[in-house]
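> Numbering follows the numbering used here, with no gaps: position 1 of the sequence shown is 1038.
Virtual Cβ for every residue (Gly too), placed ideally from N, Cα, C.
Computed from a predicted model, the values in this text were never measured in an experiment.
Quick one: the structure is below, questions incoming.
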Amino acid sequence: MGVGYLHVVESRVVNTVDVEKKEGIEFALEAWGKDKPVLVAGGFNAESTKRAVDEEYKDWNVGVVFGRYFLSTPDLVYRLQNGLEPNPYDRSTFYTPMQEKGYLDYPFSEEFEKSKVGA
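Now the structure itself:
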C-alpha cells in the first residue's frame, strides 16, 4: 500500500466520559509490523504516555498523539515534559465554526510563561 504510518485510536471514551482502557491495540501493531510507524491516540495523559512509549509499546515504532488536550492546552508538550496537568477541555466548544472560544482562549501554564522570560 505504501502508507507512511498507521494511526490507531485506543477506545478510552464511552459517549462523553473517559474510561479505563479495556482492549489493547496489539493486534493492529502486530499486523502492521514492528518497524513501521504507528501513531496512537485515545485518552492519554503524561503518565500513560510515558508508560505506552517506554513499556507497553516499546517493541514497536510508536508515537503518542493528542486531540482534545492539544486543543485545550497550548503548551501541552511543555506540560507533559514537566509533569503538569493539561487544561480541562470544554467539549461543547468542539467543532464550532468561526468561534474563538474553545480554540484560542485556553491559558498557558504559569510555569511555561515564566520559562519564556529572558528567552
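Let me know the secondary structure DSSP gives Leu1117 once reduced to three states.
Correct three-state label for Leu1117: helix.
> According to DSSP, which residues form a beta bridge with Pro1074?
DSSP, once it has assigned bridges, lists Asn1098 as partnering Pro1074.
> What is the DSSP secondary structure of Pro1108, counted as helix, strand or coil?
The identity of residue 1108 in the sequence shown is Leu, whereas the question assumes Pro. DSSP places Leu1108 in helix when its eight states are reduced to three.
> Which stretch, first to last residue, makes up the alpha helix (DSSP H) that contains Leu1043?
That residue, Leu1043, is in no alpha helix (DSSP H); its beta strand (DSSP E) goes Leu1043 to Val1046.
> In chain order, what residues of the same chain lie with their CB nearer than 8 Å to the CB of Leu1043, ignoring the 5 residues before and after it?
Around Leu1043: Ala1065, Trp1069, Lys1073, Pro1074, Val1075 and Leu1076.
> Residues in its own chain within less than 7 Å of Pro1123 by CB, not counting five upstream and five downstream?
Excluding positions up to five away in sequence, the list reads Tyr1106, Ser1109, Thr1110, Leu1113 and Arg1116.
> Judging by CA-CA distance, which residue of Glu1047, Val1040 and Asp1127 is the nearest neighbour of Val1101?
For the residues Glu1047, Val1040 and Asp1127, the minimum Cα distance to Val1101 belongs to Glu1047.
> Is Val1154 helix, strand or coil by DSSP?
Coil at Val1154, not helix or strand.
> Taking its Cβ as the centre, do 16 or more other Cβ atoms sit within 10 Å of Val1040, making it buried, or is it exposed?
Exposed, because fewer than 16 other Cβ atoms sit within 10 Å of the Cβ of Val1040.
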